[in-house]
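Residues 0 to 73 (numbering that gives the first Met the number 0) are what the sequence shown spells out, left to right.
Below you'll find the structure, written out as structure tokens, and then a few comments.
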Amino acid sequence: MELWIQPCAPCADLYGQPSAIEPHETLALTGAGAVKDARVEQHYTCTRCGAAFARILKGEARKQVWMLLNAGQH
Ligand SMILES: [Zn+2]
Numbered sequence: 000m001e002l003w004i005q006p007c008a009p010c011a012d013l014y015g016q017p018s019a020i021e022p023h024e025t026l027a028l029t030g031a032g033a034v035k036d037a038r039v040e041q042h043y044t045c046t047r048c049g050a051a052f053a054r055i056l057k058g059e060a061r062k063q064v065w066m067l068l069n070a071g072q073h
């Protein structure tokens with residue numbers, strides 16, 4: 000199981016951006032049934048680089064961002 004991925008350019012750009020930004024075309028919505036409330040959080044996986052994102056849609060404004068879930072820490 001690969002836990003560390005090298006994000007492609009669109010994913011690297013999206014990381015940390017406000018969740019109001021629309022996902023790029025290689026991001027596929029995943030795990031809708033696994034998330035408690037899709038209005039609060041959506042999960043996407045990039046079909047190009049395998050990056051897994053959480054798109055936080057509710058809560059504090061500063062936390063409503065695109066979070067990259069499976070990248071290495073720098
Ligand atoms: Zn990607």
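The beta-carbon is built from N, C-alpha and C at its ideal position, and this holds for glycine as well.
Asked	Found
3-residue-minimum beta strand (DSSP E) runs that sit fully inside the region 5-52, ordered along the chain	26-29, 40-45
Burial state of Gln16 (16 or more Cβ within 10 Å)	exposed
Simplified DSSP state of Gly58, which is helix, strand or coil	coil
Beta carbon of Arg54 nearer than 8 angstroms to that of Cys7	no
Distance CB(Leu56)-CB(Val39) smaller than 8 angstroms	yes
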